[in-house]
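Chemist: Protein chains in written order, with the numbering used here: chain B, 1 to 443; chain P, 1 to 520; chain C, 1 to 502. Cβ atoms here follow ideal geometry from the backbone N, Cα and C, with glycine treated the same way. Note that this is a predicted model, so its numbers are computed, not measured.
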Amino acid sequence: MVGAGEVGSYVAERLSREGHDVGVIDVDRDKLRVVDDAVDVLTVPGSGTHPDVLRRAGIAHADLLVAVTANDEANLISSMIAKSLGVRRSIVRIQARELRGAAAEELRAASGADLVIDPDAETAQEILDLLEFRGADEIAHMVNGEVVVIGARLPSHAPLVGRRLGEIAKEFEPDWDFVVAAIGRGDDTIIPRSDHRLETNDHVRIVAKRRARRLVIELLGLAGGNVRRVMLLGGGRTAEILAESLAGSGVEVVVVERNPVRARELAENLEDVLLLEGEITDADLLEEAEVGRHEVVVALTGEDDANILACLYAKSAGAGQTIAVVHRLSLLRLLADAGVDVSLSPRTASANGVLRFVRGDIAAVATFLQGEAEILELVVTKGSRADGGLIRDLNLPKEALIAAAVRDGKPRIIRGRSRLRERDHVVVVAMPTAVDEVRGALG
Amino acid sequence: MRWLRPSEISRSAERHPMRNKWRSTPLKVLGIALSFVSVGMFATGVQEWLTSNRDTAALFWSGCLTLSTGAVLWWRTVPGSTRSRDVFAAVGWTWVLVTVFGAVPYLLAGTFAIEGVGLAEQLVNSFFESASGYSCTGSTALVDFDTPGRGLMMYRQATQWYGGMGIVVLAVAVLPYLGVGGLDLMTAEAPGPSSDRLAPRVSETAKRLWAAYVVLTVSVAVALFMAPGASLYDSVAHALSTASTGGFSPRVNSIGFFDSVLIELIVVVGMIVGGINFAHHWRALRGRVAGYGLDPELRAFLTILSAGSAAVVVLLWLNGGMSLPTALRAGIFNVVALGTSTGFANTTGPGTAGDFVRWIPAVQMILLFFMVTGACTGSTSGGIKIMRLQVLFGHSIRSIRHTRHPRAVLVIRHGAGAVREDIVNRVAGFFVLYLLLVLVGVLLVSGFDGGLVESVSAVVGSLGNMGPALGEAGPTSAFSLAFSKPARVVLGIYMVIGRLEIFPILLMFAAPARALRRLT
Amino acid sequence: MCAVAGVPKPKPERLRKRRIVSHKRLAVADALSGFGLVTFAAGIVGVRDDLADAVVVTCIGTLALAVGVFGRSHFARRQNLTPGRILAGLAWVWSVLVLLGALVYLATATTTSPVTALFESAAGFGTTALSDLDPVELTTSMQLFRAGTQWLGGAIGLLAAVVSLPLVLSSSIYIPTSQGRRADRLVPSLLVGRRRVLALYFSLTIACGVGYGITGMTALDATVHAATTLSTGGFSSHRDSLASYGAGVQLVAIIFMTLAGASYFVIWWALRGRPRRVAQSTELWLYLGLIVATTSAVFFTVDSVGLRDAMFQAASAVSTTGFAVTDWTLFPAAALTVLLIATATGAMGASAGGGLKIARAAALATYARLELRRHLDPNAVLLVRRGGRTLAEDEIERLTGYQIAHFGMCAIGAFLLTITGVDVVSALWSAISVLSTAGPSLLTGPFGDAGEFNRSARLLLIPGMLAGRLTILPLLAAVVAVLRWRNLAVVRLKRIVRDGTN
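1. Determine the DSSP secondary structure at Q506 of chain B, reduced to helix, strand or coil.
2. Which bits of chain B does P406 of chain P rub up against, with CB to CB less than 8 Å?
3. Less than 8 Å separating the beta-carbons of V445 of chain B and G278 of chain B?
4. Using a Cβ-Cβ distance under 8 Å, would E244 of chain B count as near chain C?
5. Per the DSSP calculation, Q321 of chain B is bridged to which residue(s)?
6. Are A444 of chain B and A386 of chain B close, meaning C-beta to C-beta below 8 Å?
7. If you measure from the beta carbon of D282 of chain B to each beta carbon in chain A, is any gap under 8 Å?
8. Going by alpha carbons, who is nearest to F101 of chain P out of P:T111, P:L443, P:S38 and P:G287?
9. Does the beta-carbon distance from V92 of chain B to A67 of chain B come in below 8 Å?
10. Determine which residues share a DSSP beta bridge with H203 of chain B and list them.
11. Buried or exposed for T218 of chain C, going by 16 or more other Cβ atoms inside 10 Å?
12. Can you confirm whether the segment 56-75 of chain C touches the segment 372-385 of chain P when touching is taken to mean that 3 or more C-beta pairs between the two stretches lie within less than 8 Å?
13. Return no unless some Cβ of chain B is closer than 8 Å to the Cβ of V482 of chain C.
14. In this structure, does DSSP put D393 of chain B in helix, strand or coil?
15. How about the segment 91-104 of chain C and the segment 416-431 of chain C: do they share at least three Cβ pairs that are nearer than 8 Å?
16. Take W359 of chain P as the anchor and find which of P:A375, P:L318, P:T373 and P:S396 has the nearest alpha-carbon.
17. Buried or exposed, going by whether 16 or more other CB atoms sit within 10 Å of the CB of G182 of chain P?
18. What are the boundary residues of the alpha helix (DSSP H) that H402 of chain P is part of?
19. Which bits of chain C does G449 of chain B rub up against, with CB to CB less than 7 Å?
20. Please report the straight-line C-alpha distance between D146 of chain P and A113 of chain P, rounded to a whole angstrom.
21. Do S319 of chain C and G353 of chain C have their C-beta atoms closer together than 8 Å?
22. For A441 of chain B, name the three-state secondary structure that DSSP assigns.
23. Using 8 Å as the limit for Cβ to Cβ distance, is A188 of chain P near chain B?
24. Roughly how many angstroms separate the alpha carbons of A253 of chain C and Y212 of chain C, rounded to a whole number?
25. Give the residues of chain C in contact with D272 of chain B, contact being defined as C-beta atoms less than 9 Å apart.
26. Report the neighbours of F369 of chain P on chain C: residues whose CB is nearer than 8 Å to its CB, in chain order.
27. Express the C-alpha separation of V210 of chain C and G34 of chain C in angstroms, rounding to a whole number.
28. Residues of chain P with CB under 8 Å from R398 of chain C, in chain order?
29. Below 6 Å CB to CB, which residues in the same chain sit around L284 of chain C once its five sequence neighbours on both sides are set aside?
30. Starting from G178 of chain B, follow its DSSP beta bridges and name the residues at the other end.
31. Go ahead and pull the three-state DSSP assignment for A444 of chain B.
32. So does the segment 207-218 of chain P actually touch the segment 338-352 of chain P, counting three or more Cβ pairs closer than 8 Å?
33. Could you tell me if E105 of chain B is buried or exposed, where buried requires 16 or more neighbouring beta carbons within 10 angstroms of its beta carbon?
34. Which residue from P:G320, P:C376 and P:R407 puts its Cα closest to that of Q364 of chain P?
35. To the nearest angstrom, report how far apart A353 of chain P and G229 of chain P are at their CA atoms.
36. Since V411 of chain P meets chain B, which of its residues come closer than 9 Å, beta carbon to beta carbon?
As structure tokens, this is what we get:
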């Protein structure tokens, strides 16, 4: 792992918890110390572009190099050197559009990067998903989008509140369109059974067929509906990507950026987007822009406190939904109660990409900020225990649940009496500790 | 006692190595321009000698005068500084003096020496006619179109052609690099893969543009000659003033003389082509036609032109009491003639279909707008120019949006790109000056006994190098009848000011004014 | 926009009951109270002349007053003022007032045509001297009501120009900055500023009325004309405006028209005994200079006109009032051009007058000169200085942008007028004159007879008069907002179509 920034340390943590041996390299000793304290990994101070530093981190017997510093060039060079030192696979983070385009194809080939990730673009995509399912705070698309995972905190007026999962299930017999896959209550995340009762303020994750998404949003008591006005606080790359995409589909977008030069640049690049110059925590500015009239306010500067403050102000001024990009995970617990509807971190978006790549046979994986449960997409291989068997005979651990399966493009919700066949894509909800067991059962 | 300034010392020192030549950009440019113009005088003099042989001497002698002055200046000077203010002065003085020399043939030939007319009237009319010619305006003080010889009439057409030639080079090759009044927008926006300058050197660029200009003139002449009804003389004469979007005609009824739809159509196409940026034409000659489609200014120009024509035709047809074919013919022709700042008329006499001063007010108002707009930058047309209007429109919208969102960062778009702020400022400054000039002009002209309609439309028309105005100064009348002498002088000066996009002429006086201030 | 000075200090428990409402509702409530007061007074005074009219007018007045006062006590201003809200508030206030005014004309059967009623009402609140009614045939109540609409229009325009717009737009070139002692400031805060401006406006009106009375007007005429003078409105109770009055009345009119078009800051300083600050106002000198120049231009180019008449017409044009004492439409073209330019330039900023405003025109001229300079010294740092300070970039942008918009509005208005059949020059003149809130043009004659316009032209002029009074901004802001909305709507529509075909 090169780079102990946001993405680096998060991915290191996840990989290490799954039992991989991880070495982290960074120029900044302080950052390394933080990682060292929190996670069981080997830390090496120095630049990832120096072969001897890489060697000291144990590059010689490494399977994978992940270069995720903020510097594109350094990432490319790290990858190039690592390949020459015998690493099998490498992941490189590249942000500059010029280096991502077709023109830089040869450069990327020369660096030997197997996967190129861009946290900004992925964060933007995540926010776009959230806008599409307004009210939800987590969205993940699995199996080409045939199955969606929707996470949300239950408001008191939601139709599901106060009911047992068994009752709910009965109501939607015979053919289920969705299943409650995980419940977060307080600090705990549980994979529920039919006798669990849903309560207000539970954080639920529902795995649903695509066509049932409206129904789910309704059952969760969320706003839904089309978004007409969006305000983006902070004019970084994520905001630019978001604004371009939103304005292109006819949404009124307002972007607030504090740097005049950057603001002008954005104004030139983005058509039909209103750019305001100023601090995002300037109440006058937000008032002038009539922040209360916006259905969604997204705060995505690099400063957590500013993002949160701005979201709180927007909420108090009457904005519909507020989304804050938060970089420090320890703040998360405070936010939901304080009035920030959704908080997300650029690190999870990228981490998902890395994790997916690490577990080569898994087509998709989603991890979330809240709680520990992961959602995986696996393929049933021929001759495995699951091939042709009943689910209830698999004896899966309590910490895992097979939620849905897609066969020939048709999704269905899996129950105890369902059968799987080879080449089925299944969506599994599991705690990290149970991941390997499930994988063993399926393939 | 007064010390010699360092600049003066160096200037006197420079004289010796250059063998007593004057170091002055304005004089050098003037010399070149006068020599070129004299060629036109001689050429039309030869034509006069071969045909009507009435004003041969006048043309010949004024040719000699102009050539000798020009040649001396050309020979005896070397170009000096090319700082923008000196180039401004050069351009301004050249145009003014060429206009003065250009008036000589009319004076010598006695074109305006009708009975009962004093010398002052003759002087004013000659200057007016010359200014109208070299500025490609097309208003005339001429009442009697039959007396002057064919050669002199051809000279009158040639002045416009020269004016157009000068402005093409100025607008495309010189002024943009000085950053005059937003013209450098064009260089910033010029589409296509090639660099924005057509050639690395200004003189090379000028030659190429002239090639495009000559090709346009010749094609219009050939097309007219092929059409039934136009003689060789008429074809050449009208081609000269079509390509330059000038609007002079040796015939009293202008294009109405032919009374032919085909000829009007040819002229309409010629005017529109003359109203398009010549940089595109040059590229098109080289086979790169894509430039036309990519230019947002051109698109706006054609849109405005067609919308205006449609509105005029519909209004004339429904409210103006014309049949649809008549309305189509009269409407489109006049909208294009005014929209490209040419000013041809297709009336066959006072009160006939093409006489737009008799049209209903709404249509006249549209025509008045077209007198202000002008065509594309880098063309031979006058007026404010479409690109400036686009910037102004964006600017005004932006300022209104700023009242609601005081801290918004808004850019003005032109095509795919954003317009630089200093250019926006320059264009806004240009517009404010334009308005101020119009106000002062209307005050002056109406102060010299002009009517209100005539004053407004003639000032706007002169500043935009249009030609005929509304009211008494319409297409079937002459300015010498509608305006008093001082009013005509004002209008003549306005034509030159408008032709050079305001700034050079106003700045021409900046250096003398400074010197004066230093003295006092 | 409160016509009732002073707001009672709310008790804590009352405050809690007050609902949080938008700024515009509060503004409308304020305007309604003002409207109610004026209308009520007009009705009461007119009882002896025509009972029926008086009763109707009084009733409408009482009703408006009741609604207004109820609204005032029921709503509390909680929203911060933003430019958008101010502009929306202005637009709402004017729409409501114009509709109510038209209702009064219709209810009293002063006219049976809705267009005429609307036109008269818009001309009133737009302080434009164009009238579709014969003033001689109006009853006392209606006479007073009609003058009252102009007085109200002037008051609201004044408040917008002096208090609201500068506060929110934070920069307006004709507003002196906070230099000087606090006590000298006319607008130390929104509330105090309002009260002072209204008090000043009211006292000036009274002074003007007294002046008219002393010089020979009847009480009714003096009231009517005082109201329409100070608001730079220009309605008169006579068909020939002030022409039939003697020299005394006309002199009083000249003085008060000049005052009405003068900046309230300057008047305020003068009253506070600060002649040096008054003398330092370049705008004031330019203003007086423009009046003198116009006077002399008219006096020297027109043989038949005396100095007093020339002064009168000059003051009327520059302050955009629209009174007349001679038939100036018969003047030669040069004098007409001068008058038109004077009208278009208009009065001083921060006054009840309309037009482009002197300060703006002067700043524009400076700007144009500097742009010329810039070509001589491309690298020079050139700043536009007005009133002892330099204008910021955004102020200059607003300046030029506004001027272009103003000019564009004139052009579009003139074109639309020609479509209704007005000739080119009259149309241009009318457009400029109406957007400057003066009114009379070559077509209508010196006394602003709107009957010369046909129905569609009058309908067209109604928004024009309001746009002129509101310094165009709210209208244009709305148009721009709609355009932007439409842009996005088109995109949305395209997306729907695209999705539909997929």
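Modeler: Considering the structure as presented:
1. In this structure chain B extends from 1 to 443, so residue 506 of chain B is not present and cannot be described.
2. Stepping through the second sequence from its first residue, residue 406 of chain P is reached at position 406. Under the 8 Å cutoff, chain B gives E288.
3. No information on residue 445 of chain B is available, as it lies outside the stretch 1 to 443 that chain B covers here.
4. On the first sequence, position 244 is the one that residue 244 of chain B refers to. For E244 of chain B, the answer is no, since every Cβ of chain C falls outside 8 Å of its Cβ.
5. The residue given as residue 321 of chain B occupies position 321 in the first sequence. B:V296, per the DSSP bridge assignment.
6. No statement about residue 444 of chain B is possible, as the shown extent of chain B runs from 1 to 443 and does not include it.
7. Of the protein chains in the structure, B, P and C, none is chain A.
8. In the second sequence, counting from the first residue as 1, residue 101 of chain P sits at position 101. Its Cα nearest to that of F101 of chain P, the residue P:S38 stands out among P:T111, P:L443, P:S38 and P:G287.
9. Taking the first sequence and counting its residues from 1, the one referred to as residue 92 of chain B is at position 92. Taking the first sequence and counting its residues from 1, the one referred to as residue 67 of chain B is at position 67. Judged by their CB atoms, V92 of chain B and A67 of chain B are nearer to each other than the 8 Å cut-off.
10. By one-based count along the first sequence, residue 203 of chain B stands at place 203. Its beta-bridge partners are B:R153 and B:G184.
11. The residue given as residue 218 of chain C occupies position 218 in the third sequence. Residue environment for T218 of chain C: exposed (fewer than 16 other C-beta atoms within 10 angstroms of its C-beta).
12. By the C-beta criterion, the segment 372-385 of chain P is judged not to be in contact with the segment 56-75 of chain C, since fewer than 3 inter-stretch pairs fall below 8 Å.
13. By 1-based counting over the third sequence, the position of residue 482 of chain C is 482. Output row for V482 of chain C: interface = no.
14. By one-based count along the first sequence, residue 393 of chain B stands at place 393. Looking at D393 of chain B - three-state DSSP - the assignment turns out to be helix.
15. Judged by Cβ distances under 8 Å, the segment 91-104 of chain C makes no contact with the segment 416-431 of chain C, as fewer than three pairs qualify.
16. Your numbering for residue 359 of chain P matches position 359 in the second sequence. Of P:A375, P:L318, P:T373 and P:S396, the residue nearest in Cα terms is P:L318.
17. If you number the second sequence from 1, residue 182 of chain P lands on position 182. Interpretation of G182 of chain P is limited by its pLDDT of 37, a score under 50 that renders its predicted location unreliable; no figure is taken from the coordinates.
18. Numbered from its first residue, the second sequence carries residue 402 of chain P at position 402. Residues I386 to R404.
19. Residue 449 of chain B lies beyond the stretch modelled for chain B, which goes from 1 to 443, so this question has no answer here.
20. For this step, residue 146 of chain P is matched to residue 146 along the second sequence. For this step, residue 113 of chain P is matched to residue 113 along the second sequence. A straight-line Cα-Cα distance of about 14 Å links D146 of chain P and A113 of chain P.
21. Position 319 of the third sequence, counting from 1, holds the residue named residue 319 of chain C. Position 353 of the third sequence, counting from 1, holds the residue named residue 353 of chain C. Yes, Cβ-Cβ distance for S319 of chain C and G353 of chain C is below 8 Å.
22. The residue given as residue 441 of chain B occupies position 441 in the first sequence. When DSSP states are grouped into helix, strand and coil, A441 of chain B belongs to the helix group.
23. Position 188 of the second sequence, counted from the first residue, corresponds to residue 188 of chain P. With a pLDDT of only 36 at A188 of chain P, under the threshold of 50, the placement of this residue in the model should not be trusted, and no figure is reported.
24. Translated into positions along the third sequence, residue 253 of chain C becomes position 253. Translated into positions along the third sequence, residue 212 of chain C becomes position 212. Each residue's Cα considered, the two are about 8 Å apart.
25. Numbered from its first residue, the first sequence carries residue 272 of chain B at position 272. Within 9 Å Cβ-Cβ: R484, N487, L488 and V491.
26. Position 369 of the second sequence holds residue 369 of chain P. Those are A411 and F415, listed as they occur along chain C.
27. Numbered from its first residue, the third sequence carries residue 34 of chain C at position 34. Numbered from its first residue, the third sequence carries residue 210 of chain C at position 210. Each residue's alpha carbon lies about 23 Å from the other.
28. Stepping through the third sequence from its first residue, residue 398 of chain C is reached at position 398. In chain order: S399, H402 and T403.
29. In the third sequence, the residue the question calls residue 284 of chain C occupies position 284. Correct list, in chain order: V266.
30. For the purposes of this step, residue 178 of chain B is identified with residue 178 of the first sequence, where counting begins at 1. Residue identity check: residue 178 of chain B is Phe in the sequence provided, not Gly. Answer is B:A208.
31. Outside the displayed range of chain B (1 to 443) lies residue 444 of chain B, so it cannot be described from this structure.
32. The segment 207-218 of chain P vs the segment 338-352 of chain P: no contact.
33. Against the first sequence, residue 105 of chain B aligns to sequence position 105. Answer is exposed; the Cβ neighbour count stays below 16.
34. Indexing the second sequence from 1 puts residue 364 of chain P at position 364. Checked all of P:G320, P:C376 and P:R407; the closest Cα to Q364 of chain P is P:G320.
35. One-based indexing of the second sequence puts residue 353 of chain P at position 353. One-based indexing of the second sequence puts residue 229 of chain P at position 229. Near 20 Å, if we compare the C-alpha coordinates of G229 of chain P and A353 of chain P.
36. If you number the second sequence from 1, residue 411 of chain P lands on position 411. Taking the beta carbon of V411 of chain P as reference, the chain B residues within 9 Å of it are R264, A267, E268 and L275, listed in sequence order.
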